[in-house]
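Colleague:
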Amino acid sequence: FDKEHGKVHIKSSFIMNGVCVRYRGWIDLDRLDGVGCLEYDEERGRLEDAVLRDQIECYNQRLRDFEEKQRAFRARHERQAEAELEARRKHQELSPDRGGSASN
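So that you can map any letter, position 63 of the sequence shown is 63 in full-length UniProt numbering, and since no number is skipped, the others follow by simple counting.
This is the structure in structure tokens:
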């Protein structure tokens, strides 16, 4: 309001279609029209890129941790299943033959 009477100057930063931009322009308060332009906001672009890279690294680390836990769980589960199978085999070897004849 102070620069020119009857005009509002606007400056706003935002992300448009994944690109950091800055809108600069003015609007005439009587006619409700004006002029403006979009400029690439390089500084904000660098900041957003750094944030995105950090988020991707965090996601990848969580994915690696999950896969490692899955491998450990599967290995533990397989060892347990093998131990149970071995125990059944030993039990069957030690128990009397159930399939034989009843009389001699």
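Backbone N, C-alpha and C fix where the C-beta goes; we use that ideal spot for every residue, glycine too.
(1) Using 8 Å for Cβ pairs, my map puts L29 next to K7. What's the rounded Cβ distance?
(2) Check whether the Cβ atoms of E39 and V21 lie closer than 8 Å to each other.
(3) Which residue wins for smallest C-alpha separation from S12, given the options W26, Y59, L52 and E93?
(4) Measuring CA to CA, which of Q61, V51, I10 and A83 is closest to C37?
(5) Mind checking which residues open and close the beta strand (DSSP E) that includes H9?
Modeller: Quick answer:
(1) For this step, residue 29 is matched to residue 29 along the sequence shown. For this step, residue 7 is matched to residue 7 along the sequence shown. Right, the Cβ-Cβ distance comes to about 7 Å (below 8 Å), so this counts as a contact.
(2) Your numbering for residue 39 matches position 39 in the sequence shown. Your numbering for residue 21 matches position 21 in the sequence shown. Cβ distance < 8 Å, so E39 and V21 count as in contact.
(3) Sequence index remark: in the sequence shown, residue 12 carries index 12 (1-based). Comparing Cα-Cα distances from S12 to each of W26, Y59, L52 and E93, the minimum goes to W26.
(4) Taking the sequence shown and counting its residues from 1, one reaches residue 37 at position 37. Ranking the options by Cα distance to C37, first place goes to I10.
(5) The residue labelled residue 9 in the question sits at position 9 within the sequence shown. Note, H9: beta strand (DSSP E), K7 to M16.
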